[in-house]
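Shown next, in structure tokens, is the structure this report addresses.
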Amino acid sequence: MTELKHPDAVSLRGIRKRYGAVTAVAGVDLTIGSGEVVALLGPNGAGKSTTVDIMLGLRAPDAGRAELFGTRPRAALDAGSVGAVLQTGELIPGARVGELLTAIAALQPHPLPIGQVAATAGVADLLTRRTDRLSGGQTQRVRFALALLGDPSLLVLDEPTAGLDVAARRDFWTSVRGFAAAGRTVLFSTHYLEEADETADRIVLIDQGRVVADGSTTAIRAMAAARNVRCTLPGADPVALADLPGAASVEVHGDAVLVRTTDSDATLRALVAGYPQARDFEVAAAALTDAFLALTRPDAPAEVA
Amino acid sequence: MGRYLVMEIRRTLRNVPFLAYTICFPVGFYLLFTQVFGSGSAKDWSAQYMVSMALYGAMGAGLTGVSARIATERTRGWTRTLALTPLRPIGYLGIKLGASILLTLPVILLVMACGFVVNGVRLPVGTWFALVPLLWLATIPFIALGVAIGYSLRDEVASGISVALLFVLSIGGGLWMPVQVFPHWLAQVARVLPSYRAGELSWRLLDGQQPFGSGALLFAAWLVVLLGFAGWRFRKAS
């Protein structure tokens, strides 16, 4: 790892990008400190890949500024401080894996030994195989190895497990956690809440080109583990209901009340005690997808501590 | 970049269809048209057709090889992965050019070996040695054309166009059949093509002339135009 004085691995300021009439990124500010493991979580088309491309200097933003370790992305890539696995991109055909790793390592200013990278990425048994004769999971591990060759301090992974089966995904994340355990910074994008939950310390939720929530994995998981408490309450006051213990959001439609809560027991007790006229109680687990949609819905930005 | 160049050459040499296509055709045609159809043909025909087929082979390896490799890597995203390394687009282009020049060597040497061994072509030692750099020089405009195609088109289209151009240029330029047997109008066309002027460099050498006659000016013009075209497409794409 190069010693870089700058504390922030990633700094995005006011990033905007449009493709014709479509706004892909609508003003993203994001700072990632050294040593953080951050998931960029959002549905397909949320602007994750464009954000990652701009972060790596592969695309120019319409507005805003991207810096890695306090410098331009190109300079950080040249210094070998950044490794990345992009969502698309086949391996060059016809090369043997060992040959390919050697060739790319020779381009890096301070490469790691091939053997060490191969062991970390789980490709040690593939070195004599041809790049065009690998399975999807094997290809992805080789691409991961390529990203590690320069001995990066920051690893950026754009939906790295898309299209992999469960076993291949598990192996892949084990390798990533091994890399992060050495105190290095990892930023990965995914649309699987489980992946973000299992690997990241911090989750940045992105939707329609904006950061809609940013918090520790625990806080986001609490949001995701929300329950819905419903009841009938004539003359309900949404502002007062929002003060109920555990309440994350409140919806009132006529007499029907829906309280999304992270602590349904406390919410329910307070509701029964404080509102004797409330009736027809119903408590249900909010589906993960519901919670996810609630968090990523642009008209209801969630505040997560 | 040296390691990358080595990988580039080795992986291409593993590509059996590419080798078959670029080596077997010129060698096969050479033997077919000198041994079978032209049996007992004059030694100077054997020598002239030898450099024609060597040039056709080198053009094939250069033009179709480099255009397919660049177009495929751009279309399928390998160049995006390379963009994450310190390798710059100009370095990538340098590797492609270096590998393409070197990859024309096997077919040039094999066709010449067939000329020497099978057809008994005997030339002064200096001529043999001069032929290799001369054929390399003759191939550069076509490698430049391949680079331009590779940076302009998607992979399948690039392959199709470069194969078509290879046939038009090599047949039209009198590499398959000498322009002397062409109808007059076609011979007039041939004399303008870069492939005829590229072949002329070696044919003149075989005739005991120095390779760069007045036709070399036209060759140089093609060289400049196609290198410029390649440079423009390269800058446009990167």
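So the protein lines, in turn, are chains A and B. Position one of the first sequence corresponds to residue 1 (UniProt numbering), numbered consecutively onward. Position one of the second sequence corresponds to residue 1 (UniProt numbering), numbered consecutively onward. Ideal Cβ placement from N, Cα and C applies to all residues, glycine included.
Using 10 angstroms around the beta-carbon of residue i, count the other beta-carbons present and answer buried if the total reaches 16, otherwise exposed.
i: Tyr19/A; result: exposed
i: Leu68/A; result: buried
i: Asp207/A; result: buried
i: Pro298/A; result: A caution first: Pro298/A carries a pLDDT of 42, below 50, which makes its placement in the model unreliable, though a value can still be read off. Label assigned to Pro298/A: exposed.
i: Ile108/B; result: buried
i: Ile15/A; result: buried
i: Leu214/A; result: One point to set straight first is that residue 214/A is Asp, not Leu, in the sequence displayed. That one is buried.
i: Ala221/B; result: exposed
i: Ile90/B; result: exposed
i: Thr267/A; result: buried
i: Lys17/A; result: buried
i: Cys114/B; result: buried
i: Trp78/B; result: buried
i: Val121/B; result: buried
i: Val125/B; result: exposed
i: Pro211/B; result: buried
i: residue 306/A; result: Chain A is shown only over 1 to 305; residue 306/A falls outside these bounds and no answer can be derived.
i: Asp151/A; result: buried
i: Ser214/B; result: exposed
i: Met53/B; result: buried
i: Ala164/B; result: exposed
i: Leu175/B; result: buried
i: Leu13/B; result: exposed
i: Arg65/A; result: exposed
Between the Cα of residue i and those of the options, spot the shortest distance and give me the residue it belongs to.
i: Ile54/A; options: Val28/A, Ala103/A, Ile32/A and His253/A; result: Val28/A
i: Phe179/A; options: Pro276/A, Val10/A and Phe144/A; result: Phe144/A
i: Arg129/A; options: Ala121/A, Thr120/A and Thr139/A; result: Thr139/A
i: Ala284/A; options: Arg230/A, Pro276/A and Ala266/A; result: Arg230/A
i: Ser81/A; options: Thr102/A, Pro238/A and Leu112/A; result: Leu112/A
i: Arg96/A; options: Gly172/B, Ile9/B and Met1/B; result: Ile9/B
i: Lys43/B; options: Leu123/B, Met7/B, Lys96/B and Val181/B; result: Leu123/B
i: Pro93/A; options: Ala216/B, Gly146/B, Arg76/B and Leu84/B; result: Arg76/B
i: Ile95/B; options: Ser162/B, Gly172/B, Leu131/B and Ile143/B; result: Ile143/B
i: Arg279/A; options: Gly64/A, Asp255/A, Val37/A and His110/A; result: Asp255/A
i: Ala168/A; options: Asp8/A, Arg141/A and Ile32/A; result: Arg141/A
i: Thr218/A; options: Gly35/A, Ala39/A and Arg65/A; result: Ala39/A
i: Val10/A; options: Leu91/A, Arg260/A and Gly83/A; result: Gly83/A
i: Pro43/A; options: Asp243/A, Phe281/A and Tyr192/A; result: Tyr192/A
i: Ile220/A; options: Ala248/A, Arg210/A and Ala242/A; result: Ala248/A
i: Pro238/A; options: Asp263/A, Leu271/A, Ala162/A and Ser216/A; result: Leu271/A
i: Ala130/B; options: Ala71/B, Ala230/B and Arg204/B; result: Arg204/B
i: Leu154/A; options: Ala242/A, Leu91/A, Pro73/A and Asn228/A; result: Pro73/A
i: Glu90/A; options: Glu73/B, Leu5/B and Tyr4/B; result: Glu73/B
i: Pro61/A; options: Gly209/A, Asp158/A, Val85/A and Ala75/A; result: Gly209/A
Tell me whether the beta-carbon of residue i lies closer than 8 Å to the beta-carbon of residue j.
i: Gly183/A; j: Asp165/A; result: no
i: Thr236/A; j: Val257/A; result: The residue asked about is misnamed: residue 236/A is Ala in this sequence, not Thr. Yes, the pair counts as a contact, with Cβ atoms nearer than the cut-off.
i: Gly150/B; j: Arg88/B; result: no
i: Leu218/B; j: Ile140/B; result: no
i: Gln25/A; j: Gly47/A; result: For the record, residue 25/A in the displayed sequence is Val; it is not Gln. Yes, the pair counts as a contact, with Cβ atoms nearer than the cut-off.
i: Leu134/A; j: Leu127/A; result: no
i: Ser202/B; j: Val51/B; result: yes
i: Ala148/B; j: Leu55/B; result: no
i: Leu107/A; j: Pro86/B; result: yes
i: Thr23/A; j: Asp8/A; result: no
i: Pro109/A; j: Ala147/A; result: no
i: Ala118/A; j: Leu101/A; result: yes
i: Tyr92/B; j: Leu103/B; result: no
i: Tyr21/B; j: Val111/B; result: no
i: Glu36/A; j: Thr190/A; result: no
i: Ala99/B; j: Leu206/B; result: no
i: Gly98/A; j: Asp171/A; result: no
i: Gly146/B; j: Val66/B; result: yes
i: Leu193/B; j: Leu169/B; result: yes
Of all Cβ atoms in chain D, is any one closer than 8 Å to the Cβ of residue i?
i: Gly94/A; result: Here the protein chains are A and B, and chain D is not one of them.
Inset, instruction - Scan the segment 18-66 of chain B and note each continuous alpha helix (DSSP H) run of 4 residues or more that stays entirely inside, going in chain order. - result: 25-31 and 43-59
Inset, instruction - Any chance you could list the beta strand (DSSP E) runs of at least 3 consecutive residues sitting entirely within the segment 12-82 of chain A, in chain order? - result: 22-33, 37-41 and 63-68
Legend entry - Residues of the segment 70-94 of chain B with Cβ closer than 7 Å to any Cβ of chain A, in chain order: Glu73, Arg76, Gly77, Trp78, Arg80, Thr81, Ala83, Leu84, Thr85, Pro86 and Leu87
Legend entry - Length at least 3, wholly inside the segment 195-273 of chain A: the beta strand (DSSP E) runs in chain order: 202-207, 210-216, 227-232, 247-253 and 256-261
Legend entry - Within the segment 135-199 of chain B, ranges of the alpha helix (DSSP H) (whole runs, at least 4 residues): 155-172 and 184-190
Inset, instruction - Determine which residues of the segment 106-125 of chain A have a Cβ less than 7 Å from any Cβ of chain B, and write them out in chain order. - result: Ala106, Leu107, Gln108 and Pro109
Inset, instruction - Give the residues from the segment 42-66 of chain A that approach chain B closer than 8 Å (Cβ to any Cβ), ordered along the chain. - result: Leu56 and Leu58
Inset, instruction - With a floor of 3 residues, list each beta strand (DSSP E) that falls wholly inside the segment 140-194 of chain A, ordered by position along the chain. - result: 154-158 and 185-190
Legend entry - In chain order, each alpha helix (DSSP H) run of at least 4 residues that lies wholly inside the segment 93-134 of chain B: 105-117
Inset, instruction - Compile a chain-ordered list of the residues in the segment 140-165 of chain A whose CB is closer than 8 Å to at least one CB of chain B. - result: Arg143, Leu146, Ala147 and Gly150
Inset, instruction - Identify each residue in the segment 10-31 of chain B for which the Cβ-Cβ distance to at least one residue of chain A is less than 8 Å, and report them in chain order. - result: Arg10, Arg11, Thr12, Arg14 and Asn15
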